[in-house]
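Residue numbers (the working numbering): -15 to 356.
We put the beta carbon where it would ideally sit given N, CA and C, even for glycine.
Below is one structure, written out as structure tokens; the observations come after it.
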Amino acid sequence: MMKTFHTGTGRPREKMKTEADIAVLSVTRNGREIGKRLCEALPACHGYTLSNLAGEGENLIPFDPPLSDLVARIWGRYRSMIFVMAAGIVVRVIAPLLEDKRTDPAVLVIDEKGEHVISLVSGHVGGANALCRKAAQAIGADPVITTATDLSGFPAVELWAGEMGLAVENPEAVKKINASLVNGLCVGIFREGVPWIGDADGSWVSFDTLEGLLGSSCEARIIVSSRRIRQVEQDPGTLILRPRNLVLGIGCNRGTSGTEIHEVVTELLKREGFALQSVGRIATIDVKKDEAGLLNFAAKLGVPLVFYTRDELNAMPDGSGPSVWAEKELGVKGVCEQAAMKGAGADSLVISKAVSGNVTAALAESRGASTS
């Protein structure tokens, strides 16, 4: 079912994705021609223009004024929106629709002559800066980017995190980190068990221990760890990044719900001090390929679910000891522990088998690379 959200204008807008990622909107003949060139150069693009201009163009979606009605209707359908018109018009039209840079679409503005492409909204998180450069190259224009980290030459920490496969746990701290980088203030980083993480061009000071970081003069801090660190959970100056380096091994009775699996896993990781966001893969035996609850749980977490054969699981270490039930019913010495180790390429566990209700779970850590 389509969900309808109400905006500050009092008009409902539809949160419905289309087969395209980019919408290009124009209101003049020159703008229409620029829009056509963009949609020819950029993949997954829809071009919109006024109804009285659409007949002269190809593959353009016509609309009737006012522009604000169209924008309110399609806002949220596209990841990016490019307006070929005056910036003032765009600002007035989108202002009532803006909610959060983490969810707003990227917004670009191109002047009527096609000389400048301006990254206006969601520069880093929404990808407007990257799209700005692509669009400018496509039409031979100058990209105009005003975000401070781009101008200073420092990498925006959220972009670096995304490139490294890290999940941002507390995005409200991103602004503090980027501001410190731009202003030349000390930004310290502690990384636990993730040697594959890059250094982002030496933009910050690395510490070998958490105590060293917390005792330093750096007011802005980055912690990369799969473990929960209570000392800094509420600190606005500390950005917590989660590597996807944990593999969750799961066994369950037939018909176990995804809700029960989620509750058991959440409680287990909380008790043992690990972050659910660091689970990059779920592993189990191949006879569970059609287990609806397990499939739903993996989909909810947004991580791959991998399956291993009896021979693959039996080749793994014993873990906490063989399971009499698993040996009798499945022909394996164990499921959750062996699947976790196999998925992580490890021969030991960070959490041994835990049993709760219809679920068994174990956790292994990959030291080589992200598992997602």
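With a CB to CB cut of under 7 angstroms and the five nearest residues on each side skipped, what residues in its chain are close to N342?
The residues are C236, N237, T240 and E244.
Does the structure place the segment 295 to 308 close enough to the segment 319 to 328 that three or more beta carbon pairs sit under 8 angstroms?
yes
Neighbourhood of V316 by C-beta distance below 6 angstroms, restricted to the same chain and skipping five residues each side
R294, L297, N298 and A310
Can you check whether the CB of Y292 is closer than 8 angstroms to the CB of I269?
yes
Rounded to the nearest angstrom, how far is the Cβ of A204 from that of I161, given a contact under 8 angstroms?
5 angstroms
Go through the segment 181 to 250 residue by residue and report every complete run of the alpha helix (DSSP H) that reaches 4 residues or more, in order.
Those alpha helix (DSSP H) runs which fall completely within the segment 181 to 250 and span 4+ residues are 194 to 198.
Counting along the chain, where does the beta strand (DSSP E) carrying I269 start and finish?
V263 to I269
Between which two residues does the alpha helix (DSSP H) holding I161 run?
V158 to V166
Within 10 angstroms of the Cβ of G233, are there 16 or more other Cβ atoms? Answer buried if so, exposed if not.
Its Cβ being crowded by 16 or more others within 10 Å, G233 is buried.
By Cβ distance, which residues of its chain are closer than 8 angstroms to V55, with the 5 residues on each side in sequence left out?
L9, M65, V77, I78 and L81
Count the other CB atoms, across all protein chains shown, that sit within 10 Å of the CB of C170; report buried if there are 16 or more and exposed otherwise.
exposed
Within the continuous beta strand (DSSP E) that includes I66, where are the two ends?
Where I66 is concerned, the enclosing beta strand (DSSP E) stretches over S64 to V68.
Grab me the residues of N280's own chain with a C-beta within less than 6 angstroms of its C-beta, minus the 5 sequence neighbours each way, in chain order.
Answer for N280: G242, listed in chain order.
Going by Cα to Cα distance, which pick from I206, D88, L347 and E99 is closest to K326?
L347
With L115 as the anchor, note down where its alpha helix (DSSP H) starts and where it stops.
A112 to I123
Return helix, strand or coil for I129, following the three-state DSSP convention.
coil
What's the C-alpha gap between A328 and I335?
13 angstroms
Which of helix, strand or coil DSSP assigns to E83
coil
Outcome for P127 when other beta-carbon atoms lying within 10 angstroms are tallied against a minimum of 16:
buried
Any idea if G19 is buried or exposed, counting beta-carbon neighbours within 10 angstroms, 16 or more meaning buried?
buried
Cβ pair L34, V11 closer than 8 angstroms:
yes
Identify which residue in L333, R212, I206 and M300 has its Cα closest to the Cα of L165.
I206
Collapsed DSSP secondary structure at E176 in the structure displayed
Coil, per DSSP.
T87 to K159 span [Cα, whole Å]
16 angstroms
Buried or exposed (CB count within 10 angstroms, at least 16 for buried), R175
buried
What are the boundary residues of the beta strand (DSSP E) that V75 is part of?
Premise fails: V75 lies in the alpha helix (DSSP H), A71 to I78, not in any beta strand (DSSP E).
In this structure, how does DSSP classify L92 when only helix, strand and coil are distinguished?
Annotated three-state conformation of L92 is strand, per DSSP.
Pick helix, strand or coil for C320, following the three-state DSSP scheme.
helix
Is DSSP giving C170 helix, strand or coil here?
Note: C170 maps to coil in three-state DSSP.
Quick one: measure Cβ to Cβ for P227 and L143, integer angstroms, because I've assumed they're closer than 8 angstroms.
Incorrect: roughly 17 angstroms between the Cβ atoms, too far for contact.
Is it buried or exposed for D274, if we count other Cβ within 10 angstroms and need 16 for buried?
exposed
Local Cβ density within 10 Å of V339, reported as buried at 16 or more and exposed below that:
exposed
Closest to H100 by CA distance: which of E83, V152, V287 and A120 is it?
The shortest Cα separation from H100 among E83, V152, V287 and A120 belongs to A120.
When the Cα of P288 is compared with those of L333, G264 and A276, which residue comes out closest?
G264
For C29, which beta-bridge partners are listed by DSSP?
I6
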